[in-house]
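In this note's numbering, the protein residues as written are 393 to 531.
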């Protein structure tokens, strides 16, 4: 619902942004890109930076009228990996529901070019590995 998204954006996401800005002020991370911070930090700085990035990526995955089925190369890759878009939706939903606690369910492109659904917990993100995120669901 609009209320849920507004709360999530205005409270959760905004809190991570404020916390991160406070944590990096005057540190070696000030002035670095979010991706650089995520790949080189730990603890509270990593957690807040990764949550900012994950949420920002998530917002970009949403569409006001829904996205419908993909076309082109992405549709071909989904069909190759999962058999059909409907089977992909079912696998993504099943994985997200099974992702215990706070976290994320991702559609990623693996280093070998194949697609996979992966779950991460808390602030973990594919940015710290070789997977390229294509879609995420906040769980």
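Glycine included, each C-beta is placed from N, C-alpha and C at the ideal position.
Here residue 499 is not near residue 519, since their CB atoms are 8 Å or more apart. Its chain contains 441, 444, 445 as the residues whose beta carbon lies nearer than 7 Å to that of residue 426, once the 5 sequence neighbours on both sides are disregarded; these appear in chain order. Only residues of its own chain outside the window of five on either side were considered, and among them 439, 442, 443 have a CB closer than 6 Å to the CB of residue 515, listed in chain order.
With a 10 Å radius around the Cβ and a threshold of 16 neighbouring Cβ atoms, residue 454 comes out exposed. For the 8 Å CB-CB criterion, residue 501 and residue 526 form a contact. Using a Cβ distance threshold of 8 Å, residue 467 and residue 507 do not count as a contacting pair.
With a cutoff of 8 Å on beta-carbon distance, residue 477 and residue 461 are scored as near each other.
Of the residues 505, 397, 418, 400, the one whose Cα lies closest to the Cα of residue 470 is 505. The C-alpha of residue 482 is placed about 44 Å away from the C-alpha of residue 419.
According to the DSSP secondary-structure assignment, residue 497 is paired through a beta bridge with 511, 529. Taken through DSSP and simplified to helix, strand or coil, residue 524 comes out as strand. Taking the C-beta atoms as reference points, residue 412 is found no nearer than 8 Å to residue 430. By the neighbour-count definition (other C-beta atoms within 10 Å, threshold 16), residue 433 is a buried residue. Under a 10 Å Cβ-count criterion, residue 496 is classified as buried, with 16 or more other Cβ atoms of the shown protein chains found around its own Cβ.
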